[in-house]
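To keep things clear, I will list the structure first and then write my remarks on it.
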Amino acid sequence: MGVSDTRTLSAIERIPREMFVADPFLDQAYENTALPIGCGQTVSQPLVVGLMTQALEIGERMKVLEVGTGSGYQAAVLSQLCRRLYSVERHKPLLAQAEERFKRLRLHNITCRLGDGSRGWPEQAPFDRIMVTAAAHDIPPALVDQLKPDGIMVLPLGDAIGICQELVRITKTADGIDIHPFLPVRFVPLVEGLPEE
């Protein structure tokens, strides 16, 4: 279905998606569908996870930033491909659950924190690759700043309602950024700040 990179397929194969799905949806864990995970968020369908991961072209020595930990499924897949993964989540309950899953799967190269993903993780920048798992209206400038030269960022761009969103692959060049759209999608919106507790 468009995911041909063997490293990406092997990473997806190694991560048990049922561990990242709420009990009522366990029977759908391996269907190609997005599923609710709480806090108004979803775990992406496996095909989208595969296509986004493949588009990042991650090398095993790379340092990667993920914006939107969610259930932790996408982070777990990315962790199989890179040296270190840093993941930012704005919902405390989701972050706690994801970290527990990483522990159980012995994924020791993932570092998470609670925060506003649109600001990235300046203390750990620059990153070789950045993945954003929520739809932004515009490309967040803070994230472009935190990308290394020749670095790649993959994110959904478009309106918050999800009617007109597209996955784009951004490459940072000496002259600015190259933007390459590659897939129409529907993601939850990228929201600035932290939710009220």
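What the sequence shown shows, in the working numbering, is residues 1133 to 1329, in sequence order. Backbone N, C-alpha and C fix where the C-beta goes; we use that ideal spot for every residue, glycine too. Model, not experiment: these values are computed from the prediction.
The C-alpha of Pro1273 is placed about 15 Å away from the C-alpha of Asp1307. The alpha-carbon separation between Asp1159 and Ile1242 amounts to approximately 28 Å. With contacts defined by Cβ atoms closer than 7 Å, Met1285 and Ile1311 do not form a contacting pair.
Unbroken alpha helix (DSSP H) runs of no fewer than 4 residues, entirely contained in the stretch 1230 to 1311, are found at 1273 to 1277, following chain order. In the structure shown, Leu1315 falls within a strand segment according to DSSP collapsed to helix, strand and coil. Bounds of any beta strand (DSSP E) do not take in Leu1183; it lies within the alpha helix (DSSP H) bounded by 1178 to 1188. For the 7 Å CB-CB criterion, Ala1257 and Leu1213 do not form a contact. Ranked by how close their Cα comes to the Cα of Leu1322, the residues Leu1179, Arg1222, Ser1136 have Arg1222 in first place. A direct Cα-Cα distance of roughly 33 Å separates Lys1304 from Arg1238.
Sequence-distant partners of Arg1146 (beyond 5 residues in either direction) whose C-beta falls short of 8 Å from its own C-beta, in its chain, are Gln1212. Here Gln1173 is not near Thr1165, since their CB atoms are 7 Å or more apart. Distance check between Thr1265 and each of Leu1210, Met1151, Gln1229 places Leu1210 closest, using alpha-carbon atoms only.
Rounded to the nearest angstrom, the gap between the Cα atoms of Glu1255 and Lys1195 is 13 Å.
For Arg1216, the closest of Gln1297, Leu1227, Phe1259 by C-alpha to C-alpha distance is Phe1259.
Separation of Tyr1162 and Glu1324 (C-alpha to C-alpha, rounded to the nearest whole angstrom) is 31 Å.
Shown here for Arg1301: same chain residues with a beta carbon closer than 7 Å to its own, the five before and five after excluded, namely Ala1187, Ile1284, Val1286, His1312, Phe1314 in chain order. Scanning Gln1278, Asp1277, Phe1319, Cys1171 for the CA closest to the CA of Leu1289 turns up Phe1319.
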